[in-house]
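Mapping of the sequence shown onto my numbering: residues 13 to 414, in sequence order. Ideal placement from N, C-alpha and C gives every residue a C-beta, glycine not left out. One structure is given here, and the rest of the page talks about it.
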Amino acid sequence: MEGLFLREGPPIANTKNTGAMRTRLLWVFTVSAILQASCVASEGCGTEQEAGASAGDLDVANLLTSIRQTYRVPAIAGAIVTTRGVVAVGAVGVRKRGTAIPVTLDDRWHLGSDTKAMTATLLAILVEQGRLRWDATVAEMFPDASSKFHPNMRSVTVLQLLSHRSGLPANLNLVKYRSDSAPRERLRAVREELTKPPPIQPGSRYQYSNLGYIIAGAIVEKVTGKSWEQNMIDHVFGPLQMRHFGFGGVGTPGEIDQPWGHTADGRPVPTNGPAVDNPPVMGPAGRVHCTIQDWGKFVVDHLRGPRGEPSILKKSTYEILHKPPFGGNYALGWLVVKRDWGGGAVLHHAGSNTMNYANGWVAPRRGFAVLVCVNQGGDRAFKATDAASAALIRYYGTLAKD
């Protein structure tokens, strides 16, 4: 295992300032409304158990407990995944600050932009089925609307959308796209947003774009006649036996039955439930939630596939998903960086809807990954997931030696 860890600097690269890795909540709450409606101090109050209950592997729980206390987050879950599956997992803390209700291994965590790798995988499945091409253009996919597209946008391809080379802006004005009819809103985004001049020339350089993934979701719906959500269930979650998932915010409104979202300073947001998230149009860019074990099942597939082991795609397709197609360091739903502890190129993505934070690191060459989720947004949450990722990587080193 020599060389598994970085020799200099922090074990994990600081990604908090990329902007690209976070799905921003644009309309559900304003910061002032959240602060005015919250009555619990960031340090917690009432009957909260500051040590937090724990579940899962004791060593992992102990690691997470220390990190939770250091960064003062309500709860944190972490998992180590190999080609054999989830080999170690733990969850510590409380679902909602100010209460004593512990998180469990059955709880669901919001993944934010970690959804993007799932969307890219879905489109790869359609490509393998012969129903789509990587070089298919938006003009080809939407011929009835293409005459009104901006001339610079007509030749944007599926591959450019998924690798953030489409030239599209980071987001669309979500206030205009709040309907619960997600497929209709995605199609409207195609018809309206592609008529506008792009901020940069398509194909010229990288520009992270949630809108690009929304358009990709609309392409899925055009090809299949079914919603992106149903396609995810049919082609990704189902085959991978992911059974504990959903779209949007987690929990039953008003009930503390799942991890409750918290603002950057640790205050619980006023309410919870499926609607407490970016609107449904954003699904392909960042609305999946699931247990950390189910997220692990998805990542296991991305560890096995490049090795030619049983998986939902061909080995050659994973090579496409995991390699930046136009240079740079963004592949299809994954940031690709080099790390000694990963034996070279590793895959990374983080996601946040400003009330939750998820962070995943995948080392295909070493055959393992670490996943971390926190029910809080902001800088403290990022630092907690970063520290937990580093701790889990070190812990995996001890497991691999046994």
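is_contact[residue i, chain C] using C-beta, thresh 8 Å
i	result
T94	Included in the structure is just one protein chain, with no chain C present.
Beta-carbon proximity of residue i to residue j, cut-off 8 Å
i	j	result
N387	G273	yes
R109	G278	yes
P251	I304	no
C302	R107	no
G102	G68	yes
S167	P195	no
I268	I88	no
L123	V300	yes
F310	R177	no
G345	T131	yes
Y220	G340	no
I226	P296	yes
Neighbourhood of residue i by C-beta distance below 7 Å, restricted to the same chain and skipping five residues each side
i	result
P318	K327, Y330, E331, H334 and P376
N243	L134, V232 and T236
K395	Y83
D192	P292
C57	Residue confidence for C57 is low, a pLDDT of 31 falling below 50, so the modelled location carries little weight and cannot support an answer.
Residues near residue i in its chain [Cβ-Cβ closer than 8 Å; skip 5 each side]
i	result
P336	S175, Y342, A343 and V348
Whole-angstrom C-beta distance between residue j and residue i, which should lie under 8 Å
i	j	result
G363	T127	7 Å
M153	N222	M153 to N222, Cβ: 19 Å. No contact.
A400	G90	5 Å
L315	V93	7 Å
F380	D306	No, F380 and D306 are not in contact; Cβ-Cβ is about 18 Å, not under 8 Å.
N365	G298	7 Å
P210	N284	Not really, about 37 Å apart at Cβ, beyond 8 Å.
A100	L411	7 Å
A276	D391	6 Å
V85	A393	6 Å
L171	D147	7 Å
Exposed unless 16 or more other CB atoms sit within 10 angstroms - verdict on residue i
i	result
G169	Gly is not the amino acid found at residue 169; the sequence shown has Thr there. Flag for T169 reads buried.
S216	exposed
T207	exposed
T287	Reading the sequence as shown, one finds Ala at residue 287 and not Thr. Exposed, since its Cβ has fewer than 16 Cβ neighbours within 10 Å.
E321	exposed
S159	exposed
L76	buried
P280	buried
R80	buried
G224	buried
V187	exposed
G354	buried
D313	buried
Residues near residue i by beta carbon distance below 6 Å, same chain, minus five either side
i	result
L422	The question about residue 422 has no answer, for the chain in this structure spans 13 to 414.
R190	P291
R203	A157
(message) Measuring CB atoms only, is the segment 179 to 193 touching the segment 136 to 143, in the sense that at least three cross pairs come out at less than 8 Å?
(response) Cβ pair count under 8 Å is below three, so no.
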